[in-house]
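Visitor:
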Amino acid sequence: MDKNSLTDLKKEYEEIEIPSELNNMVQIGVERGRAEMNKHNRNRRRKEIMKVCASFTVALTLFTAGVNMSPAFADSLKNIPIVGKLVKVLQFNNGKSGGGSITDRTDISAIESFEKEGYENIIINFSQDGQLQENVGAFKVRYDENPYTMTFEIGGARRISAKENFEKILENKYVKDIYTIITLDDSLIRFVIEFEGPVEYKVKEMKDPASIIIGLKKDKNYEEKKTYSLRTESYPNGETLGILEEEFMPNNETRILKDENGLFFVEIQSFETKKEAENKLEELSKLTDKVILIEERIGIKEPESYPVEGINNEINNKNSKELNSNDDSFKGLSLYPVSIYEDDNQYYGNLEILEKGLNIYNEDTKEKVVHYLEYENIKLTKLLGEASYNLEIKYDHKTIIISGLYSDFFKELDKHTEVKE
């Protein structure tokens, strides 16, 4: 082996980071040994102490050997999630449980997946001011069927940086989707994990540092059964959806779900028989003018999409806009239902990505295109919203905020223009 190779190996060896947990274990062993020596000061005890120290020395030696043989071994240790002390294993009643204590300014900072003890685990970590949080904030968790979901409500949470890890969680063999949902409380964040099928689950609350661990196994004994969902039409994941949920929430088991087209709706309640659903529908029809539907569902079948009228019309009439079809700038690529804030007014519509600009539609007006904005005349900034991303559009000393956007929108937009973050 030449000198340069030896130098490179030495450099790699010196750059390997030994996990602090292992150093702590060795130090604890040494300190325990010293304490025992001082306390008893006997030869027979000295042999036992040496055994304790030797066990930690062997652990360190094996670890070092693993590092020497494979630097990848050291890298893999960095990916092991930090697991704190067990607070409790949650007990569920009718699919509901909770825990934690009152906190504020929490960031749901990371979410990871790992395998241990026969379970596919998901760990959710929490931070505050850039430091790992000691205790989990007050939280609620609920497991539902048709589709199979687990909904989390994290109190005192102001940010969810963990959204960056959502795509990685989809690698978990039991996870079908994961998404945030709107909440009108600025100190509460909610998100949904949708599963590929019925699961056995075990949820633990941990501290020092704070985390929630969800252990998942396939539920081999579960028998799927048909249910009848009483639900609303589909909306963008915005304020209107949140207001709609609050209207039905007090007396019903509501949950917000994503439909087959990526829109969202409120499931007011689910019933085992169609007759029960029809009776509840008759009762609610006397209390609200909102459109309520009965949808038959079973298993992992995705909920159907029933867009609210304005959105539906815009999508269906996408190709019938009264625009100059000979101009490349008007060739539409993608249409996204959004909430729009402009001149202290808020309305719902659609945002369309074009080759040379953006079209903004208002679902409440007869005029199809409210704005056509060319990329060369506007400045675009991506912002993190409560349950989704926002797009800030600046032009001619004016500002428009578009909310209810997701990563797929920005991936498409990046093909045509620059978006700052």
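In UniProt numbering, the protein residues as written are 1 to 421. All C-beta atoms, glycine included, are put in the ideal place defined by N, C-alpha and C.
Would you list, in sequence order, the uninterrupted beta strand (DSSP E) runs of no fewer than 3 residues that lie entirely inside the segment 80-118?
Guide: Along the length of the segment 80-118, whole beta strand (DSSP E) runs at least 3 residues long occupy 85-89, 96-99, 106-116, reported in chain order.
Visitor: Am I right that Arg-113 and Ile-102 are in contact with their C-beta atoms under 8 Å? What's the rounded C-beta distance?
Guide: Counted from its first residue, the sequence shown places residue 113 at position 113. Counted from its first residue, the sequence shown places residue 102 at position 102. Note on residue identity: the sequence assigns Ser, not Arg, to residue 113. In this structure Ser-113 is not in contact with Ile-102, their Cβ atoms being roughly 29 Å apart against a cut-off of 8 Å.
Visitor: Would you call Asp-144 buried or exposed, if buried means 16 or more other Cβ atoms sit within 10 Å of its Cβ?
Guide: Locating residue 144 in the sequence shown gives position 144, where the first residue counts as 1. The residue is buried, with at least 16 neighbouring Cβ atoms inside 10 Å.
Visitor: Please name the residue, chosen from Glu-342, Gln-346, Ser-403, that lies closest to His-397 on a Cα-to-Cα basis.
Guide: Position 397 of the sequence shown, counted from the start, is the residue given in the question as residue 397. When only C-alpha atoms are compared, the closest one is Glu-342.
Visitor: Are Ile-111 and Glu-196 touching if we call contact CB-CB under 8 Å?
Guide: One-based indexing of the sequence shown puts residue 111 at position 111. One-based indexing of the sequence shown puts residue 196 at position 196. Cβ distance not < 8 Å, so Ile-111 and Glu-196 don't count as in contact.
Visitor: Give the straight-line distance between the Cα atoms of Asn-350 and Glu-374, rounded to the nearest whole angstrom.
Guide: Position 350 of the sequence shown, counting from 1, holds the residue named residue 350. Position 374 of the sequence shown, counting from 1, holds the residue named residue 374. For Asn-350 and Glu-374, the gap between their C-alpha atoms comes out near 16 Å.
Visitor: Within its chain, find whatever has a CB closer than 7 Å to the CB of Gly-357; leave out the 5 residues flanking it on each side and keep chain order.
Guide: Here residue 357 refers to the residue found at position 357 of the sequence shown. Around Gly-357: Ser-329, Tyr-372, Leu-373, Glu-374, Tyr-375.
Visitor: Just the C-alpha distance for Gly-119 and Ile-213, rounded to the nearest angstrom, thanks.
Guide: Sequence index remark: in the sequence shown, residue 119 carries index 119 (1-based). Sequence index remark: in the sequence shown, residue 213 carries index 213 (1-based). Note on identity: in this sequence residue 119 is Tyr, with Gly being the wrong assignment. Going by the C-alpha atoms only, they are around 11 Å apart.
Visitor: Could you name the residues of the same chain whose beta carbon sits closer than 8 Å to that of Glu-246, not counting the 5 residues immediately before and after it, in chain order?
Guide: Looking up residue 246 in the sequence shown gives position 246. Cβ neighbours of Glu-246 beyond the five flanking positions: Leu-184.
Visitor: When you compare only the Cα positions, how much space is there between Asp-107 and Leu-335?
Guide: Along the sequence shown, read from residue 1 onward, the residue named residue 107 stands at position 107. Along the sequence shown, read from residue 1 onward, the residue named residue 335 stands at position 335. Distance between the alpha carbons of Asp-107 and Leu-335: 32 Å.
Visitor: Determine the contact status of Lys-286 and Leu-230, defining contact as a CB-CB distance below 8 Å.
Guide: Here residue 286 is taken as the residue at index 286 of the sequence shown, counted from 1. Here residue 230 is taken as the residue at index 230 of the sequence shown, counted from 1. Not in contact: Lys-286 and Leu-230 (Cβ atoms no closer than 8 Å).
Visitor: With DSSP as the reference, please indicate the residues paired to Tyr-341 in a beta bridge.
Guide: Walking along the sequence shown from the start, residue 341 turns up at place 341. According to DSSP, which records beta bridges pairwise, Tyr-341 is partnered with Gln-346, Ile-401.
Visitor: Consult DSSP for Tyr-375 and reduce its assignment to one of helix, strand or coil.
Guide: Residue numbering aside, residue 375 sits at position 375 when the sequence shown is read from its first letter. Helix.
Visitor: Touching or not, the segment 238-255 and the segment 200-218, by the rule of three or more beta carbon pairs under 8 Å?
Guide: no
Visitor: To which residues does DSSP link Thr-151 through a beta bridge?
Guide: By one-based count along the sequence shown, residue 151 stands at place 151. Note: Thr-151 sits in a beta bridge opposite Arg-142, Val-192.
Visitor: Starting from the C-beta of Gln-27, find all residues in its chain whose C-beta is less than 8 Å away, skip the five residues before and the five after it, and write them out in chain order.
Guide: As a first step, residue 27 is located in the sequence shown; it is residue number 27 there, counting from the start. Because the pLDDT of Gln-27 is 45, which lies under 50, any placement of that residue in the model is unreliable, and the number read from its coordinates should be weighed accordingly. Excluding sequence neighbours, Gln-27 sits near nothing in its chain.
Visitor: Applying the criterion that 16 or more other CB atoms from any shown protein chain within 10 Å of the CB defines a buried residue, is Gln-131 buried or exposed?
Guide: Position 131 of the sequence shown, counted from the first residue, corresponds to residue 131. Counting of Cβ neighbours within 10 angstroms places Gln-131 among the exposed residues, the total staying below 16.
Visitor: Which whole-angstrom value is the C-beta distance of Asn-258 and Tyr-179, which I expect to be below 8 Å?
Guide: On the sequence shown, residue 258 is found 258 positions in, with the first residue counted as 1. On the sequence shown, residue 179 is found 179 positions in, with the first residue counted as 1. Correcting the residue type first, residue 258 is Lys in the shown sequence and not Asn. 6 Å between Cβ atoms; contact.
Visitor: For a minimum of 4 consecutive residues, which ranges assigned as the alpha helix (DSSP H) are wholly contained in the segment 208-288?
Guide: Correct list: 239-248, 274-285.
Visitor: Just grab the DSSP bridge partners of Lys-356 for me.
Guide: Against the sequence shown, residue 356 aligns to sequence position 356. Answer by DSSP bridge pairing: none, since Lys-356 is not bridged.
Visitor: Assuming Glu-239 and Ser-339 make a contact with CB atoms under 8 Å, what is their CB distance in whole Å?
Guide: Counted from its first residue, the sequence shown places residue 239 at position 239. Counted from its first residue, the sequence shown places residue 339 at position 339. With 8 Å as the limit, Glu-239 and Ser-339 qualify as a contact, their Cβ atoms being about 6 Å apart.
Visitor: Let's test the definition: count the other Cβ atoms within 10 Å of the Cβ of Met-249 and tell me whether it reaches 16, buried, or not, exposed.
Guide: Here residue 249 is taken as the residue at index 249 of the sequence shown, counted from 1. So Met-249 ends up on the exposed side.
Visitor: State the DSSP-derived secondary structure class of Asp-129, mapped to helix, strand or coil.
Guide: Residue numbering aside, residue 129 sits at position 129 when the sequence shown is read from its first letter. DSSP places Asp-129 in coil when its eight states are reduced to three.
Visitor: Among Asn-261, Asn-146, Ala-162, Ser-187, which one has its Cα closest to the Cα of Ala-138?
Guide: Residue mapping note: residue 138 aligns to position 138 of the sequence shown, counting from 1. If we check each option's Cα against that of Ala-138, Ser-187 comes out closest.
Visitor: Need the endpoints of the beta strand (DSSP E) that Lys-168 sits in, please.
Guide: Numbered from its first residue, the sequence shown carries residue 168 at position 168. Counting along the chain, Lys-168 falls outside any beta strand (DSSP E), though it belongs to the alpha helix (DSSP H) covering 166-169.
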